[in-house]
Every structure is written in structure tokens, then in C-alpha cells.
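*Asks:* So that you can map any letter, position 32 of the sequence shown is 31 in numbering that gives the first Met the number 0, and since no number is skipped, the others follow by simple counting.
Before I ask anything, here is the structure I am working with.
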Amino acid sequence: MYMKESEQTQSYLDISYLIDDMFLLVTVIFALIGWLITAISLIISNIRSLYLPYYSWWVAVYQIFVIFCVVAVILSNSGNTYRIALVGLIVVALCSQALLCDSIIYYSKPSQRAVASGCIFLSIVDVLWILYYGTGNDSFCHLWTNSYILESSENIKLVPKVSSDKIVASGDSLIGSYRNNNHVETTYTANEHCSLNFLDSTANNTAAQHEYPHKVKAIYSYNANPDDPREISFVKDEILEISDITGKWWQARKHDGTIGIIPSNYVQLIVK
């Protein structure tokens with residue numbers, strides 16, 4: 000999701016966008032399985048000289064093209080940019096699959112029925128993709144699928160702007176570590192569940208030494224998960240600073256100094 004301000008654009012592909020999103024990963028795997036079933040069954044039917052509609056192979060080739068486009072959009076994290084075109088391509092694929100399935104499902108040969116089964120399999124995935132890319136990020140569909148996004152396995156380093164008298168200990172454990180400038184550097188991992196009694200990240204003091212070279216604009220409001228102290232809330236059209244734009248969750252800093260992680264599909268990257 001990008002807001003372009005100049006000719007500079009993000010050109011790399013990141014496999015973590017697919018791996019970290021369980022919903023998209025599962026649908027892509029199912030789509031490939033369905034396409035393999037369809038393609039192999041078409042080959043067997045051709046070898047045995049069984050009846051197939053003249054457009055059968057066109058449907059199979061077009062569907063693998065759609066799968067390639069979906070994967071490319073996922074890896075480039077550009078779903079918000081190409082979602083309209085992608086939905087159009089998927090709708091054509093869905094109609095083609097339905098037409099092929101209706102033409103061949105009543106034949107008795109196993110390979111012909113396998114083609115129809117593969118089409119049904121692909122049609123289900125196409126419908127899920129239409130719901131995913133055809134609805135807004137604040138829809139129920141996205142709220143449900145976002146719950147399956149896995150945070151990056153790499154350490155997420157948060158450097159809250161707090162003074163030494165704002166640190167609260169739980170039992171014998173002290174959250175954070177003191178530095179010479181009386182600031183705290185707290186490190187969390189994606190699989191670690193930290194128990195925080197209280198953390199005031201908006202205290203008025205000197206800013207921590209951490210770079211936030213990117214800026215984003217919120218395209219939807221987001222309420223942080225109360226069970227995860229790393230997340231922060233923001234409102235629509237709010238401008239935030241980002242330290243790193245890899246992965247599904249980005250470390251952000253708000254205008255008041257609050258630091259935390261935000262979902263990348265709720266914001267647009269402002270490329271300068």
C-alpha cells in the first residue's frame with residue numbers, strides 16, 4: 000500500500016509477506032493443488048481422447064496466470080494498489096472455471112470428473128480472493144484474516160522515550176536496561192509474551208537514538224490489541240514514522256513519541 004510522491008518506488012519482493020500471512024499462504028497452496036488436479040486431468044483426458052470443451056486449456060493457462068499475479072501482488076505488498084485489477088482478473092477466472100465445470104461434470108470418466116473437481120477447488124479459492132481483495136481493510140473479512148498474520152520471527156526492537164523514574168518493576172524483574180543517558184531500550188521477540196505492569200512511552204524528555212526514515216499515512220483507524228503491549232492505536236489520516244518496512248508488522252512512532260508496532264495493510268507508505 001503506497002502513496003507515490005515521486006518516481007522512486009519499492010521494487011523488491013519479500014517472501015515473508017506470503018509466509019507470515021496464513022490465510023494467503025493457505026489459499027495459494029490450495030490454488031496450486033486445484034490447478035495441478037485440473038492440468039493433470041486434462042492431460043490424461045487428452046491422451047485417452049475423451050471429450051473436452053475447446054476452451055479447456057485456455058481456462059487452465061489463464062488460471063495459472065491469475066495465481067502468478069496474486070503471488071506477485073502479495074510478495075510486493077501492493078494489494079491496495081492493484082486490488083481492482085486483481086479482482087477483475089479473478090472474476091474472469093471464476094466465470095471460466097464455472098463454465099468448464101458445468102460442461103464436463105456430468106461425464107462418467109474419472110479424468111473428466113477430476114477436471115470438474117479441480118475447477119470447483121479453484122472456484123472456492125477464487126471466491127475467497129474476491130472477498131479478500133474486493134473489500135476494505137476495515138471489513139469483517141480483513142479483521143478475521145488479519146488475526147492469522149504471524150509476526151516476524153526477528154526481534155522487534157522498541158526504544159520507548161521514558162525516563163528512569165518511569166520504569167516499573169514486576170517482582171524482581173526490571174523492564175528494560177539503563178543507559179548512560181537514563182533511557183531504556185526494551186527488546187521483544189515475536190514469540191515472547193512480555194508481562195508489563197505499566198509503560199509510559201509519552202514522557203517529555205530527550206528523544207531516543209533510533210532512526211525512522213519512512214513516513215506512512217493511515218488509511219484506516221486501528222485499535223491496538225489490549226493483550227499485546229507492543230501494538231499502538233492510530234486514527235485514519237494520521238501520519239506515523241516507520242523504522243523498517245519489511246514484514247507485515249512495522250515499528251512505528253507517533254507524533255507524540257509513542258512507539259510500537261502497526262499492521263502494514265492499514266497504512267500507505269509515503270515515498271519521497
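We put the CB at the ideal spot given by N, CA and C, even for glycine.
If I measure Cβ to Cβ from Cys140 and keep anything under 8 Å in the same chain, skipping five residues before and after, which residues do I get?
*Replies:* Leu130, Tyr131, Thr134
*Asks:* I need the boundaries of the beta strand (DSSP E) containing Val234, first residue and last residue.
*Replies:* Secondary structure note for Val234: it is in no beta strand (DSSP E), with a DSSP letter that is neither H nor E.
*Asks:* Could you say which of Thr80, Leu99, Arg229, Trp249 lies nearest to Gln62 if we only look at CA atoms?
*Replies:* Leu99
*Asks:* Would Ile14 be called buried (16 or more neighbouring beta carbons within 10 Å of its own) or exposed?
*Replies:* exposed
*Asks:* From Pro212, Gln111, Asp226, Tyr50, pick the residue whose C-alpha is nearest to that of Leu239; which is it?
*Replies:* Pro212
*Asks:* Buried or exposed for Leu93, going by 16 or more other Cβ atoms inside 10 Å?
*Replies:* Classification for Leu93: buried.
*Asks:* Between Leu12 and the rest of its own chain, which residues show a CB-CB distance below 7 Å, the 5 nearest in sequence each way excluded?
*Replies:* Leu74, Ser75
*Asks:* Candidates Ser220, Val90, Val234: which alpha carbon is nearest Val124's?
*Replies:* Val90
*Asks:* Buried or exposed: Asn45, going by 16 or more other Cβ atoms within 10 Å of its Cβ?
*Replies:* Counting Cβ neighbours within 10 Å, Asn45 comes out exposed, since fewer than 16 surround it.
*Asks:* How is Ala223 classed by DSSP in three states: helix, strand or coil?
*Replies:* coil
*Asks:* Among Phe233, Val70, Ser116, whose alpha-carbon lies nearest the alpha-carbon of Ala38?
*Replies:* Ser116
*Asks:* Which same chain residues end up closer than 7 Å to Ala97 when comparing Cβ atoms and leaving out the 5 residues on each side of it in sequence?
*Replies:* Ser122
*Asks:* Could you pull out every unbroken alpha helix (DSSP H) segment of at least 4 residues lying fully inside the region 40-76, listed in chain order?
*Replies:* Taking only runs of at least 4 residues, the alpha helix (DSSP H) segments lying wholly in the region 40-76 are 55-74.
*Asks:* Looking at Ile18 and Leu24, is the spacing between their C-beta atoms short of 8 Å?
*Replies:* yes
*Asks:* Residues in its own chain within less than 7 Å of Asn222 by CB, not counting five upstream and five downstream?
*Replies:* Ser232
*Asks:* What is the DSSP secondary structure of Asp125, reduced to helix, strand or coil?
*Replies:* Reduced to three states, the DSSP call for Asp125 is helix.
*Asks:* For the beta strand (DSSP E) holding Ile103, just list the boundary residues, first then last.
*Replies:* Premise fails: Ile103 lies in the alpha helix (DSSP H), 78-103, not in any beta strand (DSSP E).
*Asks:* Can you tell which of Leu41, Gly87, Cys118, Lys235 has the C-alpha that lies nearest to the C-alpha of Asn264?
*Replies:* Lys235
*Asks:* Whole-angstrom Cβ separation of Gln111 and Ile119, contact assumed at under 8 Å?
*Replies:* Actually they do not touch by this definition, with Cβ atoms about 13 Å apart.
*Asks:* Express the C-alpha separation of Val86 and Ile244 in angstroms, rounding to a whole number.
*Replies:* 26 Å
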